[in-house]
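Notes to accompany the following structure.
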Amino acid sequence: MSEVAALVQTEAAAPLIDPRKSFADVNTDVSAPLERPPGALWKVFFGISASLFLLMVIVVGYQMKKGLGILGINHPVGWGVYITNFVFWIGIGHAGTLISAILHLFRQRWRTAINRSAEAMTIFAVMTAGLFPLIHLGRTWFAYWLIPYPNWRFLWVNFRSPLVWDVFAVSTYFTISLCFWYTGLIPDFASLRDRSAGWRRAIYGALSLGWRGSERHWQHYERAYMMLAGLATPLVLSVHSVVSFDFATAVLPGWHTTIFPPYFVAGAIFSGFAMVVTLLVILRKVFHMEEYITLQHLENMNKIILVTGMMVGYAYATEFFVALYSNNPYERFTFMNRATGPFFWAYWTMVTCNVVVPQVFWFKKLRRSLPVMFVVSILVNVGMWFERFTIIVTSLHRDFLPVNWSYYKPTIFDWSVTAGSFGFFFMWFLLFCRVFPAISMAEVKGVLWTAKKNAAAKGQPSGREPAHVS
Amino acid sequence: MFLDRFRKPQPKRAILALYGDPDRLLSAAALAREHGFQGMDAFTPYPVHGLSEMLGVRKSWVPYVTLVMGLTGATLGLTFEIWTSAYDWPIIVGGKPFISLPAFIPVMFESGVLIGGTMTLAALLLACGLPNLGKPILDRDLTNDHFGLYVPETGPDWNEERIFSVLRKTGPIDIKVVRV
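Note that the protein sequences, when read in sequence, are chains A and B.
The first sequence begins at 34 in my numbering and counts up one residue at a time.
The second sequence begins at 14 in my numbering and counts up one residue at a time.
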């Protein structure tokens with residue numbers, strides 16, 4: 034009981050939603066963007082995103098014809114911008130699962146207004162990430178060789194290889210995120226079905242599977258949702274751990290580190306939350322959802338950015354210290370080379386953006402300022418992109434023998450595909466905002482009722498008398 | 014259908030009382046329970062806590078599916094790894110044993126989560142009888158801002174008037190007979 038009392042108290046201190054809103058307001062407000070034609074701003078953004086994606090398709094087509102030689106990768110830097118993008122996008126996805134699953138298990142009810150869009154972000158980020166290993170293969174048309182299937186060569190994949198673990202981790206992550214997301218969407222599709230007519234009603238009706246909100250069904254639903262959250266929690270931690278194994282199981286100095294799994298997971302959550310802030314600052318403005326995605330929500334996320342940013346900073350320091358303390362000349366060289374060698378600019382961009390910039394969130398005023406958090410969230414993602422770039426490229430470009438030393442320079446094709454991946458991601462996200470409810474209506478109603486009760490208990494206006502429709 | 018003769022007779026109609034807030038629904042459900050109404054259900058826009066106890070809804074069996082299928086998936090994953098790496102075509106890679114258990118953990122874990130998660134969703138759909146696109150929508154506001162208490166026809170001695178008179182006292186917005 035004390036747990037519940039504590040929860041009620043914190044919610045009473047700062048209501049997550051205006052208690053004067055009615056349940057019907059929630060449906061109306063959240064469905065509004067789905068029920069009006071797209072505005073000019075949306076069309077412009079969508080046009081840019083789709084064009085960038087088209088650019089990516091063209092460049093990848095050209096790459097299929099000419100081969101990987103059009104990219105900057107060569108001996109000794111065989112993993113370049115493509116793998117950087119892969120790790121970056123997988124990391125972005127992690128915040129969505131953290132918000133939807135881990136915060137659910139910890140009963141953090143502020144997640145209700147943001148979990149839907151964060152989960153959508155996860156799914157689109159994983160889709161984007163999944164493109165990169167495939168196009169990096171060179172002979173993409175043989176991508177199905179990654180999957181163990183009975184074949185006339187009688188060969189199986191090597192289950193001891195982290196690259197095979199990646200295939201399983203990423204595909205499982207995508208599938209389970211999709212299941213989790215869809216489970217959450219079922220009651221909202223039913224709400225949309227019941228307020229629309231014609232072909233929209235038919236589509237939302239089919240997507241809702243005929244959900245009617247029976248208490249017998251809610252009972253199963255809530256337990257199933259909890260189970261999926263329980264599965265997604267270790268899953269999300271495993272995915273970036275497995276991604277870090279791609280590096281950690283190699284013998285290369287700078288990669289061969291036991292700190293990698295937790296360091297990667299913290300970095301993933303850090304960058305993912307930054308991306309959620311970037312997206313939500315725009316989303317709440319464009320779709321007028323300031324009353325649902327409040328400054329309180331954004332401030333909470335900024336606190337997580339501050340914490341995970343310091344975890345990442347701590348990991349950088351540990352890594353450097355261990356390299357210097359190890360008395361291993363190769364390890365020592367790799368790290369000195371990172372900070373002072375030819376790629377020093379990437380290293381210091383990373384440190385500045387990831388460790389220094391988030392410190393502004395110590396101040397409540399800056400934590401609650403929209404322009405500040407927007408800029409910081411973008412800088413954090415720049416920093417996290419360079420973190421992956423630094424890890425991959427600086428470790429590869431100078432290894433044990435100076436005969437293997439070289440500089441890595443991405444080509445225009447690398448950058449086109451990178452830009453295209455952002456186009457791909459934003460294209461999906463923009464479509465999502467227009468056809469699916471961006472806020473979980475069913476969950477927000479639960480929070481709204483608590484807010485109403487708290488307000489009524491304190492004698493504030495709570496709008497408890499519902500508007501009678503019939 | 015042949016199987017239909019073994020099924021319980023399904024109610025043809027029911028009384029649906031609509032309320033404007035979950036607390037009214039809860040007290041109505043408590044009153045209805047005192048009057049011994051059978052087979053009740055509620056339809057709500059979001060899960061209202063405490064309702065399942067009032068209506069005598071049993072706890073969900075879905076978590077058992079998650080547990081069993083998760084373990085099954087992990088076992089299948091590990092078995093498959095061992096079979097392909099050590100029996101079907103044993104190849105020495107990196108000087109590791111054919112059955113390299115530590116290296117097999119990630120795929121074993123992911124297989125467990127994959128099967129456990131997808132089967133949880135499947136179990137949810139099965140438990141709720143979804144998809145059921147043929148069933149009528151009782152009231153369009155039940156997914157919006159109304160909370161409905163549902164008392165189905167239980168047999169020839171079903172007393173519509175009595176149920177109406179009890180439920181009228183609970184302050185509903187609307188109360189009606191629905192075809193199901």
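Using N, Cα and C, we set each Cβ at its ideal position, and we do this for glycine too.
Determine, using beta carbons only, whether residue i and residue j come nearer to each other than 8 Å.
i: residue 334/A; j: residue 306/A; result: yes
i: residue 29/B; j: residue 158/B; result: no
i: residue 166/B; j: residue 60/B; result: no
i: residue 210/A; j: residue 152/A; result: yes
i: residue 287/A; j: residue 483/A; result: no
i: residue 243/A; j: residue 172/B; result: no
i: residue 268/A; j: residue 205/A; result: yes
i: residue 90/B; j: residue 125/B; result: yes
i: residue 165/A; j: residue 119/A; result: yes
i: residue 456/A; j: residue 83/A; result: yes
i: residue 449/A; j: residue 88/A; result: yes
i: residue 352/A; j: residue 292/A; result: yes
i: residue 380/A; j: residue 372/A; result: yes
i: residue 65/B; j: residue 248/A; result: yes
i: residue 105/A; j: residue 404/A; result: no
Over the uninterrupted beta strand (DSSP E) stretch that includes residue i, give me the two end residues.
i: residue 54/B; result: 54-56
i: residue 230/A; result: Residue 230/A -> no beta strand (DSSP E), and no H or E assigned at all.
If you follow the alpha helix (DSSP H) that residue i is in, where does it begin and where does it stop?
i: residue 187/B; result: Run containing residue 187/B: none in the alpha helix (DSSP H); it sits in the beta strand (DSSP E), 187-192.
i: residue 129/A; result: 114-130
i: residue 366/A; result: 362-373
i: residue 414/A; result: 403-422
i: residue 220/B; result: Residue 220/B is absent from the model: chain B starts at 14 and stops at 193.
i: residue 46/B; result: 35-47
i: residue 176/A; result: No alpha helix (DSSP H) holds residue 176/A; DSSP gives it neither H nor E.
i: residue 384/A; result: 377-384
i: residue 68/B; result: 64-68
i: residue 67/A; result: Neither: residue 67/A is in no alpha helix (DSSP H) and is coded neither H nor E.
i: residue 398/A; result: 397-400
Would you list the one or two residues that DSSP bridges to residue i?
i: residue 52/A; result: In the DSSP output, where bridge partners are listed per residue, residue 52/A has none listed.
i: residue 247/A; result: 56/B
If you reduce the DSSP assignment to three classes, tell me which class residue i lands in.
i: residue 215/A; result: helix
i: residue 164/B; result: strand
i: residue 29/B; result: strand
i: residue 351/A; result: helix
i: residue 133/A; result: helix
i: residue 105/A; result: coil
i: residue 509/A; result: No information on residue 509/A is available, as it lies outside the stretch 34 to 503 that chain A covers here.
i: residue 441/A; result: coil
i: residue 157/A; result: helix
i: residue 183/B; result: coil
i: residue 494/A; result: coil
i: residue 96/A; result: helix
i: residue 159/B; result: coil
i: residue 101/B; result: helix
i: residue 471/A; result: coil
i: residue 430/A; result: helix
i: residue 322/A; result: coil
i: residue 153/B; result: helix
i: residue 110/A; result: coil
i: residue 330/A; result: helix
i: residue 271/A; result: helix
i: residue 392/A; result: helix
i: residue 148/B; result: coil
i: residue 129/B; result: helix
i: residue 81/A; result: helix
i: residue 171/A; result: coil
i: residue 72/B; result: coil
If we cut at 8 Å on Cβ distances, does residue i have a partner in chain E?
i: residue 419/A; result: In the structure shown, chain E does not exist; the protein chains are A and B.
Looking at chain B, which residues of the segment 163-196 of chain A have a Cβ within less than 9 Å of any of its Cβ atoms?
-> 181, 187, 188, 189, 190, 191, 192, 193, 194, 195
In chain order, what residues of the segment 106-125 of chain B put their CB closer than 8 Å to some CB of chain A?
-> 106, 107, 109, 113, 116, 117, 119, 120, 122, 123, 124
Using a beta-carbon distance cut-off of less than 9 Å, what residues from the segment 136-150 of chain A approach chain B?
-> none
Which residues, in order along the segment 254-267 of chain A, keep a beta-carbon less than 9 Å from a beta-carbon of chain B?
-> 254, 255, 256, 257, 258, 259, 260, 261, 263, 264, 265, 267
The segment 223-240 of chain A: positions lying closer than 8 Å to chain B by Cβ = 223, 224, 226, 227, 228, 238, 239
The segment 44-64 of chain A: positions lying closer than 7 Å to chain B by Cβ = 55, 56, 57, 60
Along the segment 267-281 of chain A, what residues have a CB closer than 9 Å to any CB found in chain B?
-> 267, 268, 271, 272, 274, 275, 278
Check distances from the C-beta atoms of the segment 199-210 of chain A to those of chain B and list, in chain order, the residues that come in under 7 Å.
-> 201, 202, 205, 208, 209
In the segment 46-66 of chain B, which residues sit with their C-beta less than 7 Å from some C-beta in chain A, listed in chain order?
-> 54, 55, 56, 57, 58, 59, 60, 64, 65
Under 7 Å (Cβ pairs) to chain A, residues found in the segment 161-188 of chain B | 186, 187
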